[in-house]
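*Asks:* Below is one structure. I have some questions about it.
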Amino acid sequence: MAAAIIAATTFVALSSTTAAATTSASRTLSSGAASSGVWPGVGKICEPGPGGASTVRGVGDKTINIAVFNDAANTIQPGLEVEFVQQATAFADWCNAAGGIDGRKIVIDNRDAALFNAAQEATAACQSDFMAVGGGMALDESSVPIREKCGLGQITGYVVSNASILASDQVDPGGTNTNSVTAGWFAALARAYPNAVKVAGMGGADTPSVLQEETKDEFAAEAEGWKVVDFLEPPVSVENWAPYVEDYQQKGVQALWPASASNFTPFAQAMTTAGYHPAFVILGPQFTNSQTQQAVAANPGLPPVYIYTGFWPLPMAAQNPSTEELVTIMHKYAKGDTIDFDDEVGALGWLLWAKAATACGTSLTVTCVLNHAAATKNWDAGGIQAPIASLTLSNENPQPSPCFAMLKVGARGIVYDKALTHPTQSIWNCNPKYVVHLTAQQQAQINSL
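Converting from the sequence shown to the numbering used here requires adding 793 to each position, the first position being numbered 1.
Printed below as a string of structure tokens:
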């Protein structure tokens, strides 16, 4: 499961009424709420100022309208990516309490694509939003030409399709590109399970935006010594995982990267029912949540379950001031909302955007913000993510971080696995050799999907 892939479910077109974007100002702050506007490890990113008249779309005398893309209103997996909106609203409240961006308050526009309406929501954002920040849509490909045509700049939460990864007017805080893949976790597991990785099973939902990413990971795994003997392509929605588990089992798969990319619970249940015990299961960072922990606890016969990540583990938030600040702000401004991986993903975009926008001062333009963001060196959002040496515009071949960490899901919850990670920098293993560069033939195969 590539880190970018949050969902792999059946996508049902919703009515325009159901999927329509809603525009809502940030929640009203409680009396006495205060914020310094200083984020640990990032600096002062929100402060009072004069604001001022502007002819830039979405920028008013005292406000800035920002689109947050998500798929929460879908009926297949309700609430998908709702954390992007929750985190954005909490961040806006925190920033606005400190004076906003040079005196302009952030207004969050919830652009909910409900899975099938990415183009529709991009069109809506093009009418009134300054930029899109800290969000993402599972089927994002159709939104790209619309956003590029209207000049809607974006600092992403996550990107999925190759078209989105390579889009113009965009900076991805994760440094994603289409020809390089960080693969250190595959190498770590190959060292720990040298025989198991020779009989590996992988897969992804049968839709191009998902298969492109999953195929990159297949190539990356093979570069680190894995032999993939079974690559499944289930439909984008699966009600019964038993046939897919049986397929892996019959092929003798020992190193398992499940074809499910959103909810591990039904897959884990199917493994238990089948009595399937590979050597290990490896999941993507989107599984760093209580749901995965509960699935493992409810199925005690599972083999070791690992999660790879480029994000500071939330259970260790107290050990990183930036992650701790994120948790504190969510508790204060989004009481009752679950805090998980999506909140970290969204925060990467918002912190980079606010840092760049503040640097632009009163002359706030999309070009200025993107140029400042793209020029950022050693970006880690204060430690929320593994460091990236140099950001750049998405269409200028950014390079991903080589760093990763391994987590293990067990009786104590989701915990950092130092021995498997073999860290070289803080909690991360940052060996540059773990960035796999795809061949031209491999890239052509991916593009043909």
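Even glycine gets a Cβ: it sits at the ideal position worked out from N, Cα and C.
Rounded C-beta distance between GLY845 and PHE877? I'm assuming under 8 Å.
*Replies:* Not confirmed; about 29 Å, so no contact.
*Asks:* Leaving out the 5 sequence neighbours to the left and right, which residues in its chain are closer than 7 Å to PRO1249 when beta-carbon positions are compared?
*Replies:* Absent from the structure is residue 1249, since the part of the chain shown begins at 794 and ends at 1242.
*Asks:* Could you tell me which whole alpha helix (DSSP H) segments of length 4 or greater appear in the segment 814-900?
*Replies:* 875-890, all fully within the segment 814-900.
*Asks:* State buried or exposed for ASP854, treating a residue as buried only when at least 16 other CB atoms are found within 10 Å of its CB.
*Replies:* Flag for ASP854 reads exposed.
*Asks:* Is it right to say ALA826 is buried, meaning 16 or more other beta carbons lie within 10 angstroms of its own, or is it exposed?
*Replies:* Confidence at ALA826 is low in this model, with a pLDDT of 46, below 50, so its placement is unreliable and the value that follows should be read with caution. Per the 10 Å Cβ criterion, exposed.
*Asks:* Which of the three DSSP states is assigned to ARG1205 in this structure?
*Replies:* coil
*Asks:* With burial defined as no fewer than 16 other Cβ atoms inside 10 Å of the residue's Cβ, what is the status of GLY996: buried or exposed?
*Replies:* buried
*Asks:* Take the Cβ of ARG984 as the centre, count every other Cβ of all protein chains shown within 10 Å, and call the residue buried at 16 or more, exposed below.
*Replies:* exposed
*Asks:* Are the Cβ atoms of GLU874 and ALA866 separated by less than 8 Å?
*Replies:* no
*Asks:* What did DSSP end up calling HIS1124 once you bin it into helix, strand or coil?
*Replies:* helix
*Asks:* Fully enclosed by the segment 960-1019, which alpha helix (DSSP H) runs are 4 residues long or longer?
*Replies:* You should have 977-985, 1001-1016.
*Asks:* Check the C-beta distance from PRO1191 over to THR1185 and give it rounded, since I have them as a contact under 8 Å.
*Replies:* Between PRO1191 and THR1185, the beta carbon gap of about 5 Å places them in contact (Cβ cut-off 8 Å).
*Asks:* Is the separation between the beta-carbon of GLY1129 and that of ALA881 shorter than 8 Å?
*Replies:* No, Cβ-Cβ distance for GLY1129 and ALA881 is not below 8 Å.
*Asks:* How long is the line joining the alpha carbons of LEU1242 and GLN913, rounded to whole angstroms?
*Replies:* 24 Å
*Asks:* With DSSP run on the structure shown, which of helix, strand or coil describes GLY929?
*Replies:* coil
*Asks:* Could you work out which residue in GLY968, SER1115, GLY1045 is closest to TRP832 when comparing CA atoms only?
*Replies:* SER1115
*Asks:* Are the C-beta atoms of LEU1144 and some chain D residue less than 8 Å apart?
*Replies:* Any reference to chain D falls outside this structure, which holds one protein chain only.
*Asks:* If you drop the 5 nearest sequence neighbours on each side, which residues of the same chain put their C-beta closer than 8 Å to that of LEU1004?
*Replies:* GLY997, ALA998, GLU1026, LEU1242
*Asks:* Look at the alpha carbon of VAL937 and the alpha carbon of SER954, and state the distance between them as a whole number of angstroms.
*Replies:* One C-alpha to the other measures close to 10 Å.
*Asks:* Would you mind working out which of ALA925, TYR951, THR1102 sits nearest ASP962, comparing C-alpha positions?
*Replies:* ALA925
*Asks:* Give the secondary structure of ALA1072 by DSSP, where H, G and I count as helix, E and B as strand, and everything else as coil.
*Replies:* coil
*Asks:* Work out the CA separation of GLY968 and THR1065 for me, nearest whole Å.
*Replies:* When rounded, the distance between both Cα atoms is 38 Å.
*Asks:* Which term fits ARG940, buried or exposed, when burial requires 16 or more other beta carbons within 10 angstroms of its beta carbon?
*Replies:* So ARG940 counts as buried.
*Asks:* List the endpoints of the continuous alpha helix (DSSP H) containing GLY1139.
*Replies:* 1134-1153
*Asks:* Give the list of continuous alpha helix (DSSP H) stretches no shorter than 4 residues that lie fully inside the segment 1019-1052.
*Replies:* 1035-1043
*Asks:* Taking only runs that begin and end inside the segment 1077-1113, name each unbroken alpha helix (DSSP H) of 4 or more residues, in chain order.
*Replies:* 1083-1091
*Asks:* Just verifying my parser: in three-state terms, what is the DSSP assignment at GLN1235?
*Replies:* helix
*Asks:* Buried or exposed: where does GLU1039 fall if 16 or more other Cβ atoms within 10 Å of its Cβ makes it buried?
*Replies:* exposed
*Asks:* Could you tell me whether the Cβ atoms of GLU1118 and ALA1111 are closer together than 8 Å?
*Replies:* no
*Asks:* With C-beta atoms as the reference, is ILE948 less than 8 Å away from GLY1142?
*Replies:* yes
*Asks:* If you reduce the DSSP assignment to three classes, tell me which class PHE1197 lands in.
*Replies:* strand
*Asks:* If you reduce the DSSP assignment to three classes, tell me which class ALA795 lands in.
*Replies:* With a pLDDT of 33 at ALA795, under the threshold of 50, the modelled position of this residue cannot be trusted; read the value that follows with caution. Residue state, collapsed to three classes: coil.
*Asks:* Among the candidates THR1081, TYR1101, ALA1167, whose CA atom is the shortest distance from the CA of PRO1108?
*Replies:* Of the listed residues, the one whose Cα sits closest to PRO1108 is THR1081.
*Asks:* Skipping 5 residues on each side, what residues in its chain have a beta carbon closer than 6 Å to that of GLN1238?
*Replies:* none
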